[in-house]
Each structure stands twice: as structure tokens, then as C-alpha cells.
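Residue numbers (my numbering), protein chains in the order written: chain A, 2 to 130; chain B, 173 to 440; chain C, 12 to 673; chain D, 12 to 157. Input: a single structure, listed below in C-alpha cells.
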Amino acid sequence: MGSEKKQAEMMKEISGVNPLKCMKCGKCSATCPSYNEMDIKPHQFVSYVINEDIESLVNSKSLWKCLSCFACVERCPRDVKPGKLIDAARQMVVRQKGQDYLLADEIPELLDPELPQQLLVSAFRRYRR
Amino acid sequence: MKYSYYPGCTLRTKAKNLDAYARVSANALGIDLEEIEDWQCCGGVYPLGSDEIATKLSSVRALHAAKEKGQSLVTMCSACHHVIKRVNDDMKNVEDIRTRANNYMELPEPYAGETEVLHFLEVLRDKIGFDELKKKVVNPLAGKKIGAYYGCLLLRPSKLLSFDDPENPTIIEDFIRALGAEPVIYPYRNECCGGYISLKEKEMSKNMCEKIMESAEGFGAGMLITACPLCLYNLNKSTGARLPVVYFTELLAEALGVKEEAEKEVQA
Amino acid sequence: MQRIGVFVCHCGSNIAGAVDVSKVAEMALMEPGVVHAEDYQYMCSEAGQAKIAAAILEKSLTGIVVCSCSPRMHEATFRKAAERAGLNPYMVEIANIREHCSWIHKDMEEATKKAVILMRAAVAKVNLNTPLQAGESRVTKRALVIGGGIAGIQTALDIADAGYEVDIVEKTPSIGGRMSQLDKTFPTLDCSACILTPKMVEAAAHDKIKIYTYSEVEKVSGFVGDFTVDIRKKARSVDMNKCTGCGVCQEKCPSKKAPSEFNRGLNTRSAIYTPFAQAIPNVPVIDREACIKFKTGKCGICSKVCQAGAIDYEQKDEIVTEKYGAIVVATGFDTIQLDKYDEYAYGQSKDVITSLELERVMNAAGPTHGHLERLSDGKAPKEIVFIQCVGSRCADDRGKPYCSKICCMYTAKHAMLIRDKYPDVNVTVFYIDVRTPGKNFDEFYRRAVEQYGVNYIKGQVGKVIPKPDGKLLVQGSDLLDNRQILKEADMVVLATAIEPNPDVRKIATMLTASIDTNNFLTEAHAKLRPVESPTAGIFLSGVCQGPKDIPETVAQAGAAAVKAIGLLAKDKLMTNPCTAQADVLLCNGCSTCENVCPYGAITYEDKEVNDHGIRETRRVAVVNNALCQGCGACTVACPSGAMDLQGFSNRQIIAEVDAICR
Amino acid sequence: MSLENKEFKPKIVAFCCNWCSYAGADLAGSSRLTYPADVKIIRVPCSCRVNPMFILRAFEKGADGVIMCGCHPGDCHYSTGNYYARRRMTLLFSMLDYIGVENGRTRVEWVSAAEGVKFSETMNSFVEKIYSLGENVRLGDLRCKS
């Protein structure tokens, strides 16, 4: 198996998503609150997996704009769950050594007195291994 | 009415009041919240990957502790509720995760999702009943126009959370009505505040919260209530419309006439 | 001992591609009783049937096994072929080596092994077959049509024109159905009422057609050619013979708050009402839930103003029992409930409506008298957004997995009509695909775009957001431009999925007609018998079988009529001889079988029996062959093993089990 | 295949009613939805025609699993046949389990004429179960064994 194919398979496995179920209606992209910040749009994620272009996916800034708000998961008429694909891509990045999106050094300047623990904990989970 | 109670990390730090208001109100309503021993942080977000096990174990511990006592597990924070409820579903319905988590845990008896997970709002709705709650209100919040801010975590994915209609929820509105105030329904009440994005992308979250605030204000809300410390934090960062945002438990304590008691507790 | 011939069909490469057919034939010769075996390209062809006939005659065969496609496909063909060659048709068994073997198993060796086993089971069974004689049953030359929409009306007219009597049973107070609610029809923009009303009148005036409105089918018994049906005529509270249809009662009725079903609840009607002006019959009914007289005992105004003295508060439901030879189901559709689609704000804003509601808004007899206006404030809209596929093509449990088929076309129609009548109104359509197969359909859609300037955007809508100022913000995708759109609209129209009328499940159960997971009635064959139910004597007309537009519905209604006429034209029908039989020597008259028989086919008689020399009179079960449908419930219930089913006897089935497990 | 490498090929009998599940099996076939060839279907007019005796006979003759398919409750072509079948099979299967023919070897499943996918999925999962249980050793008539 080629490495691209392998990565695509891994993404399907981690996410539990079958991209072939997508009918390309665009409801996920119509729903996404982060749409304008994303370079690869939610509805395009399935195509990248089908075309086995995981390289582009993992380098996409969209990974760090997704809020895990599950609006796309909730409204998808085909039960595709694009949000899970995005998270799988995120996982594939942060599970590699040295690829954390949030570095310990940058944290102090991001803090303010009101900031709840929950925010740090959540960001750690999504952005770091 | 005895429940196991999982407060979560933020309710011990930045959101002490969310917890204190809830406790004194529960007391007033005859609900006994027994905090489970040595609980650990749920992680704040549910690990979506189907191969994630270790990140779910703290939730399993809490769930198991409740099971041992034969009690339902009550949560207060939206995020904790989301994470624990979904992990519980995994333990109940996903064989692979159940087996592997149990292998880690080495419990005397395997845990298989037996515990019922309830958000405190669900306790009020389904166990006490909003009609009953209304009867216990000593200080009705008449004249207040309040917008419920649900956010994402309580509602979605609706099949797993089975909390309320994900697009047109009513539980917090009914809660507001029970307290004698007037709920304001506005379409952005289930839209995301930005969540954890506000750590690194402060602008994004701010824009989202502005839309929420604007919509709520446009429909006539005088304040917003929420169950989530992160939503509260993000909404308070909105620079446009600035409605006060408080925890739902604060209003509850106020209506039940026990607010001061709780405030004393927080200060102590 | 039987002399059995085995015929193995290649079905071109359908079977031969996965099964070694000559091996199956070769193995057949080793089975007990088999004296002849051959394989051939197409056994169902004329040449194939000739081969079977020749073998029957030459080898004096007493039974045959055809290894071919499903018996549901060609059992009848081969039985007829055998009969023509002088063999009793019930001495034919089919081994299904296509649907159950060659089409699903890829490995030739494995498939061939299985085919051999299926052949053996059929040979084992036919070894125990006995010649059976089909009985005859009579045909009641009258048809029942359930549902009085365009499908039911057309079917009834066609059957009646052929000279047979037809009854239409319609649940609502008038015939006309969904089509009567439509304003215009695609692709020619005829006024719906203008083309439907003449048909309604024709049906009402036809001397062969009897119409039961405000009536429901309550009970169905019997079988093809001889159904007995109970029809409940709900109390109308108005004497149909006396009423002149003057309408004064409706005008004077003080209770005017009941939601109008005909106008989809967009306005109200009086408690005594006809659903619409052209209703047939033009006789009102009293809605007893809404009527003040029925609720409080006081009022009675309609009775006072009725000069004909037609009002009858004492009227009761009436059950009419009729006999029919054929039944046509034409129960139609409704739009799905939208409570699981709150992201489109249907429940939150009055200005978000379904397409069927828009039909009423556009119609001169509708709640706005045909003026296009917002239902919230009566203002004329300037921007209208249509959303396609609401609840259609869904893989989750919120919607329906199928395409509702009519929405693309009626949306183009609505868009065009609005742009035509209100050129200053902008119309935007969010679509996933525009599906317009059909004569002059795509041309119609293109006209909407090119001639009327309707703005089609490829992409679904995620959320409709009501604004404090009463406008609606539509947040959707434009997939071709790759952007998210926020469009302000005054009205949003949802192309809501259609589903079979919810009552159809109850009716299907009464008719023992099969129904699919979406509640559409199943046809006997998806391609070749599309208007027949697998249950003999039941025919399908219109959307109850699957989504259709009006031209298709009318065509199918005619086809269903032809099938029903074909049945009614016969004087006698052959009955299924595979019925239960009681062995009088084993029967102890316990009545167990009688209790499980769904057809009342079993009675008890005192019979003189000779039990090993002892002559005595015993109470034993007797099966009425005309009533027995051959389900076999009694055969298993019988504690003494006296009951057996011809054609599926205990010994035959056990022989099959043995052959499979050998 | 050499003798020492004799792999387990289960014998599985499926009773299918003519109106729903046999038609569902036909639909699975025409839709090319595969399932293992170990399954052999016997057509009966209705699930209520299936005499417990047939199932006992199958196990006696070496079957490793027996599955009975009928119309969905409420949809029986003969109105009530599948209800009788369901009750009979509940009793029979618990008796079989008691004498050592595990519950996994017997199954009742409702498959309509429109459910080709369900038919194929049902057969796949049933066969998989039988493989996991292995050869049936109870009830078999030893004279049938070689």
C-alpha cells in the first residue's frame, strides 16, 4: 500500500467516517461558523480523503479553525460527520513528535485573569499530543 | 434524592460560583449532591478519534464511582456533561472501547455504561419537574427578560446527548419561566461561541460572540444565562453588545432565595 | 417411484458464469428417481420449453426440476410448459440457482457445490410431489378504489369506462386529493383545478361509479376475485339526499376557528364545511370536534337556516359491506413533518413555509386570495429563497432516503410563476442537483433560469435565522463559487419531502399487501409488474407505490385499471391447490387448527371413519379449499399431526432438509 | 483439499417465507449482495409453516445453524402467521439451548421483500456467528457422521 493510501485509510479508521456516503450537498459548509477562516472547506474534506491527498489536509490551516461545535455532524443529511474527519487529520498531525500546535512557551502571553481552566485543558487536548 | 456529583476542574477554580449556587439551590430543593471522591478532570473536550482510550479513562472512573454507589451522575458544566455522557455511550455501545478501557482500569467488575448521566438542568426538568420548581420559588424573577445560551456541548450530537431538540431547544426557556422570568428566544442560542479557539484565535471567537449578543439583544433579552464557564468567558469578551452573562444556577439560587448563602460560601 | 427430469438453465452467463451447469446436470443423474438431465442456454425460451416438453413425452417423466432463476420469476412459465406436455403442473419444482446462488457467489467451485445441493433438495422434494388440481373460484365483477385523488379518480374512470362497476372510498369529505390543492401544474402551467374538476365531475356522474366520501375502509377479508370489504361511512351530520349544496349553513355557522385542512392550516374554516368550492359531493360535513352544538348542546343555527332540512345531528357512522373482485390502492401522499428540521426555522417563523403551503398562498381560493404575501405581516416579499431536498435523500433518521422526485420541477414552476407575476421579486433557489428527467422538463427548468432570471445556487442551506426586524437570514453554501452565503430573505420556501399517506400502513395490513421500509407499497416486480401488488387482486395507483408527478400518476392509474379490468373480465379464477388437508384417522377434533386459521377455512364434521377395522363416527376437521390460502399455520398447531399442507408437506420439507444437510 | 487441512464448512438451513423473506433473498441476489454459500434456503409459504420438527431434523442431520425469516410483525401475508412462528420458535430455541444447541445457532429474523440489504447482512452475521461457534455436536445422529 502506498503511503498516501495508507494515510487515507488511517484517517478513515481514526474518524470512523465513510467519505463515500457524502452526496456533496454542502450543508456542512453552509453550517460551519469557521467557514471563512478555513482554506480547505468542510465539504471538501471528504474529497481529499477519497483522492488520498492527506498531505494537503494535514497542512491545512482549517484543522486549527474547527471549533468541534458539531453543527456539521448534527445537520449532515448523509451521516458523514465532517467534523470527525477534521479531528482525525488534527490527530494525525499532533501525534507526530514535535508537531504540537500549542507550545508551552506561548501559553503565558495567551492568558488573562478571567480565563477558565477549561479553556486550557480543552486547547491542550485538541492542539497537543 | 441522592446523586453522585461531578463538578469538574473549572468549578473548583474560576467558576466556583457556578458550583456554589448549584449546591445551595440543590439543598433548597431537597437534592443531595454527593461529590464523588478523587475525581479527575474530564479533559474538557471529547476525544473524537475512534482509537482514543486513555483520554477517556477519567470519565470512566467517575462513571464507575457513581455505579458503585448505585447513583446517577450529575454534571453542572456543559463540557463535562458532554464528555462524560459520550464516554458513557462508548462504554455502553462500542465493544472495542469498552474492552480496552476495562483492561486499563482493572475494576473488580467491568464497567459497561450502567450509570445514568444527568445534567443538573435535566434533574430539574425530569426528576423535580419545572412545575414543582415553580412552587418552590420564593423570589420570582418577574420582569426579567432572559436569553438562554445553550452553545454546542449540551445539544450536539443530539442522538447521543438526547438533551433537547438540537435546533429549537426549550429546556432553559422552561427553566426561566419556572423562575418567574420571561425567556427570550433568539436564533443564535445554539450557535458556537468559539469554544477553545479563543485561546489562540481571539478575533474569531469575538466575532461569533458578537453575533450571538446582537441577536439576543435584538430580540429583547436583558441578560444571558449559560451552563458553561468557557461560553461565559467568551461571551464576556464580546465588544459589541454587552449583555450581562451569568450562570443559570445563579438565577436559580436567587429565585429560591439562597443566593446570599452561596455567595458567602464562595467568599469563604 | 418418480421418473424425474432435471433441466439446468445457463441464463446466458447469469448462471453459467458462476456455476458449472453441465456439472449440475451430471450430478443430477446420480440422484434417485432422475432419469433425464440436461442443460441449456435459456430454459425459459421457446426452445428451452420445447426441450422440457420433449423430455416429458420421450422419457415419460412424472416430475421435473428446473434449476434456474427464482420461482417467483418463472415457476408459472415452467408449470404451463409442463402442463402443455401433459404433466400435472404441480409436479414441477424450481431450484433457485440464480438469485440464491450464481449472482451472489463469486467462487465457481463453491457456487457449483451449492447449486448441486439446491438441485438435490428440489429433486428430493419432487420425488414426494403428488399431482394437484386447482379449483375454481368466482369473480365479483366490481372494483374498489381506495383513495379519491387524481390516481383513484383516473383508475375508477378507466375501469368504469370498460363497463365494470367501481366504488371509490375517500377519507376526506370530497374527492380531488392533493391535486385539488395545487395552483398550477408543470410543465405546461395549466391551472390544476381547470383540468381536475372535469374529471371529478365525470366520476361523480358516471353510472358505473359510486363514491363514498368521508368514508374509510375498515375491514377486508377474502381473496382475489372475491374480497369482502367493510366501509365505514362516517357520520356527516348532513343528509346527502336532502342537501342542495346552497352553502348558507357554512356562511352562518358561528364556529369559524377550525384550521382549514385544505389550506394546510394557513387559515380557518367553519365547523360545518365543504373543503373547497368545487368539492364533490357538494355536501358539507359537520366537524363534531369544532361544532358548538356538539360541544355544548347549544346552537343549532345550521339546522335553522337549512331550508332543505338536511342537517341531522343524530346521524351515526354506518358500516356498508360490499363484495369486490379487485382492489386498487391509491392512497397518495403527504409532506413529512418538519419538526426534526428546526434549523430551517419552520416552527419559529410564519414566513418559512412548505411548497404545498405556497401552492395555497398562490391560489386565488387560498388564504391570501392568491396574493403573494408574508404570512406574518401580510407584506409583499421582495426576496424569496427556495430550499431543495428538505428531508429527501437523507441517510439519517430525520428524513427519507429517497428523492421525492417532484420538487425540482414544482420549484422551477413556483419560481417562474412568481417572477412572471411579480417581476420585482428576486427568487433564489438553493439546490443540490436539479433533476428534470421527463418530457419538456429540462426545457422548463432552463426557462426559469434563462427567461425568468431565477438565481440557482448549487449548495444546501445550513440554517435559516429569523432576525429581530422580521427578515430571514439564509446561511447557505455556494459550492461552485466556494463561499458561504448569507442571504437576507422575506420568505423561505421548503421543498419538503413527500411520504406515503400515513394511513397506508393500516390499509396494507388489511390487504396483506407488502410495504417497504419507507411505507411505499411493494410492486410484484420492480420492472415488469409495477402496478400490481404481490398479493393477487391488489393493484397500485399513484404515489402509494413511489414518488410520481401528475402525468406519471395518471399513466400508472390507467395501467392499474387495465390490470384490474383483466381480472374482472374473467368469469372464474384458478385457485391455489396448495391447501391444508386433515387426515381423518389422526384428527381428534380438538379445534386447535380452527383457532389458528386466519380465514375461517376449517370447520368440524361428524364423519364415519374406519380406524383399523373399528367403525365409528368422529368429529374431525374439514378444510374448505376455496377459503384455505395455504399458510400452514394449522399444520404446525395440530397436536396429533393430522394436518398437512399439499405442495409443502411435512415429508417434502423434511426431504429438502435432509438433502441440504446430506 | 487435503484431509488434514479440512476446514470447517458449516451447514446452514434458512427457512424463508414466500412473500417477504424469500423475495428479500431474491432482491439480495438481483442486487448482487453477497453472503456465504453455506446458507441454503428452503421456501415455505409462511414462517408459521415451519414445524419445530423441521429444525430438530436439520440439527439431527448435521446442520450447524438454522435461521428462520418471515415478514415483519404486522406485515404477514396471512395476517398472523409470523406471530405464531415467533412464539413457537421462542419456546423451541430455549429448549434447544437447554439441551446444548446454543442460542447463537438458531435465529428468527424479519426481512421484508424490499430488504435485500438486510437479508444479506443478516446472513453474513449469522454465518459469522456459526463460524465462531464451530461445529454443532449436539443432537446429531451419529449414524450420519462419517
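Think of the CB as a built atom: it goes at the ideal place given N, C-alpha and C, for glycine as much as any other residue.
Which runs of the alpha helix (DSSP H) fall wholly inside the segment 282-325 of chain B and span at least 4 residues, in chain order?
302-308
Between which two residues does the beta strand (DSSP E) carrying residue 355 of chain B extend?
354-356
The segment 6-23 of chain A touching the segment 222-234 of chain B, judged by at least three CB pairs closer than 8 Å
yes
Residues in the segment 398-424 of chain B with C-beta within 9 Å of chain A's C-beta atoms, listed in sequence order?
400, 401, 402, 404, 405, 406, 408 and 409
Under DSSP, the beta strand (DSSP E) around residue 16 of chain C begins and ends at which residues?
15-20
Of all Cβ atoms in chain C, is any one closer than 7 Å to the Cβ of residue 30 of chain A?
yes
At 8 Å on the CB atoms, spell out the chain D contacts of residue 540 of chain C, in chain order.
Result: empty, since nearest Cβ-Cβ is about 12 Å, beyond 8 Å.
Enumerate in chain order the residues of its own chain whose CB-to-CB distance from residue 510 of chain C is below 8 Å, with the five nearest sequence positions on each side excluded.
344, 345, 346, 347, 411, 529 and 530
Comparing the C-beta of residue 360 of chain C with each C-beta of chain A, is any distance below 7 Å?
no
Taking the alpha helix (DSSP H) that residue 572 of chain C falls in, what are its first and last residues?
561-579
Inter-residue CB distance, residue 489 of chain C and residue 474 of chain C (contact presumed, cutoff 8 Å)
Contact flag wrong, Cβ pair sits at about 15 Å.
By DSSP, does residue 94 of chain D sit in helix, in strand, or in coil?
helix
Going by DSSP, name the residue or residues bridged to residue 244 of chain C.
C/226 and C/329
Could you pull the DSSP bridge partners for residue 270 of chain C from this structure?
C/279
Sequence ranges, beta strand (DSSP E) only - wholly within the segment 469-506 of chain C, length at least 3:
472-477, 483-489 and 494-500
List the residues of chain A whose Cβ lies closer than 9 Å to the Cβ of residue 248 of chain B, in chain order.
Result: empty, since nearest Cβ-Cβ is about 12 Å, beyond 9 Å.
Should residue 83 of chain A be flagged as near chain B, meaning a C-beta pair shorter than 7 Å?
no
Go to residue 130 of chain D, then tell me how far its alpha helix (DSSP H) extends in each direction, as first and last residue.
127-144
What is the rounded straight-line gap between the Cα of residue 299 of chain C and the Cα of residue 263 of chain C?
16 Å
Delimiting residues of the alpha helix (DSSP H) encompassing residue 399 of chain C:
Run containing residue 399 of chain C: none in the alpha helix (DSSP H); it sits in the beta strand (DSSP E), 394-401.
Top-ranked residue by Cα proximity to residue 134 of chain C, from C/296, C/73 and C/320
C/73
Return the Cβ separation of residue 631 of chain C and residue 598 of chain C in integer angstroms, given the expectation that the two are a contact with Cβ distance under 8 Å.
4 Å
Taking the straight line between their C-alpha atoms, what separation do you get for residue 12 of chain D and residue 47 of chain D?
The pLDDT assigned to residue 12 of chain D is 39, lower than 50, so where the model puts this residue is not dependable; a value taken from the coordinates is nonetheless given after this. Cα to Cα, the separation comes out at about 19 Å.
For residue 585 of chain C, I'd like the list of residues in its chain whose CB is within less than 7 Å of its CB, leaving aside the five on either flank, ordered along the chain.
145 and 147
Quick check on DSSP: helix, strand or coil for residue 628 of chain C?
strand
Own chain partners of residue 192 of chain B with C-beta closer than 7 Å, once the 5 adjacent residues on each side are dropped
434, 437 and 438
Residue of B/179, B/199, B/295 and B/195 minimising C-alpha distance to residue 214 of chain B
B/179
Name, please, each residue of chain C whose Cβ falls closer than 7 Å to the Cβ of residue 337 of chain B.
353
What is the C-beta distance between residue 130 of chain A and residue 96 of chain A, in whole angstroms, given that I count them as a contact (C-beta under 8 Å)?
6 Å
Where residue 599 of chain C meets chain A, residues with beta-carbon distance less than 7 Å:
Neighbours of residue 599 of chain C on chain A: none; closest Cβ ~57 Å, over 7 Å.
Identified DSSP bridge partners for residue 337 of chain C:
C/154
Using a C-beta to C-beta distance shorter than 9 Å, which residues of chain C count as neighbours of residue 30 of chain D?
523, 525, 545 and 546
Note the first and the last residue of the continuous alpha helix (DSSP H) segment covering residue 213 of chain C.
203-216
Please identify, using Cβ separations under 7 Å, the residues of the segment 469-498 of chain C that lie next to chain A, in order along the chain.
470, 471, 472, 473, 474, 486, 487, 488, 490, 493 and 495
Does residue 70 of chain A get closer than 7 Å to chain C when you measure Cβ to Cβ?
no
List the endpoints of the continuous alpha helix (DSSP H) containing residue 144 of chain C.
Where residue 144 of chain C is concerned, there is no enclosing alpha helix (DSSP H), given that its DSSP letter is neither H nor E.
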